[in-house]
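Going by this note's numbering, the first residue of the sequence shown is number 17, and it counts up by one from there. A short write-up of the structure that comes next.
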Amino acid sequence: MNRTTMLVVCTLAFALCAGSALASTEPPPPPPADTLKVDYFANANTAGAPDATVRITNPNTNGGNLCASIFVFDANQELSECCSCLQTPDGLQTFSVNANLTNNPLTGVILSGGLIKVVSTTTVDGLCPLPTKFTPVAAVRAWATHIQNSNYSITETASQDATLSTAEVGRLENECAAINTDGSGSGLCSCGTGE
C-alpha cells in the first residue's frame, strides 16, 4: 500500500469512529406528546372533608392496553407514593385520593395536599409493573375532583397536559426505584376501582 492510500484508509477509519462516537453521545429523543397529565389535591385526609377522586381512562387511540404510571408528591415536592395501573381500552378507573393515593406514604406522614402526575406508558408483557423503568406513549385521560377550602365544596376538572422531558422520565424512574428499594412496602400507591 502506498502512503496516499494508507492516509485515505486511516482518515476514513478515523471519520467512521468519530461519527460513531458522536452518534452515541446524542441525547435520546424526547417522549411523545400527550403522555403527562398533572393535577393537585387539597384537604385530603381532613376531618369533615369528603374524599377526592381521580378518574383515568384509556380512549384506545393506541389500540390496546396501557398503564397509568402514577406519582404522588407532597407539598414539599418530595415523591411520597408511586404505582402503575392497567388501563384497558374504553375502561374507567376511579382512584380515591385518601385510600389509593395518599394512604401509604414513604415517610409515614399522611398527606393533606400535593401534586399528582400520571404518565401514560406501555405495558410490559401485558402487565403494569412499578414504574422504575417505563416507556411513555400517548393516550390516557384523567380528571380529578378537588375539595375546596373552608366549605369543602367539590369541583372537578380535567387534568392538565404538560410536556414530559427525558430528564423528568429519568427523575421519576429513579425516585420510584428509591421508594421501592428503601420503603419496605411503604410509598406504593394502589389501583382504584373499575375497569
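Positions of the beta carbon are idealized from the N, C-alpha and C atoms, including for glycine.
{"query": "Distance CB(residue 52)-CB(residue 135) smaller than 8 Å", "result": "yes"}
{"query": "Terminal residues of the beta strand (DSSP E) in which residue 161 lies", "result": "157-163"}
{"query": "Contact the stretch 57-65 vs the stretch 174-183: 3+ CB pairs below 8 Å", "result": "no"}
{"query": "Touching by the beta-carbon criterion (3+ pairs, under 8 Å), the stretch 194-203 and the stretch 64-74", "result": "no"}
{"query": "Through-space distance from residue 162 to residue 118, alpha-carbon basis", "result": "14 Å"}
{"query": "Stretch pair the stretch 44-51 + the stretch 92-109: three plus CB contacts closer than 8 Å", "result": "no"}
{"query": "Given residue 148 as reference, the closest of 130, 203, 63, 41 once Cα atoms are compared", "result": "203"}
{"query": "Classification of residue 173 by the beta-carbon crowding that lies within 10 angstroms, buried from 16 upward", "result": "exposed"}
{"query": "Which residues DSSP lists as bridging residue 89, in chain order", "result": "95, 131"}
{"query": "Option nearest residue 206 by Cα separation, candidates 88, 154, 138, 185", "result": "88"}
{"query": "Cβ-heavy atom distance, residue 141 to the ligand ADP, below 7 Å", "result": "Annotation note on the ligand ADP: not contained in the displayed structure, which lists no ligands."}
{"query": "Nearest to residue 185 (by Cα), restricted to the options 150, 115, 201, 209", "result": "150"}
{"query": "Rounded separation between residue 158 and residue 175 - CA only", "result": "5 Å"}
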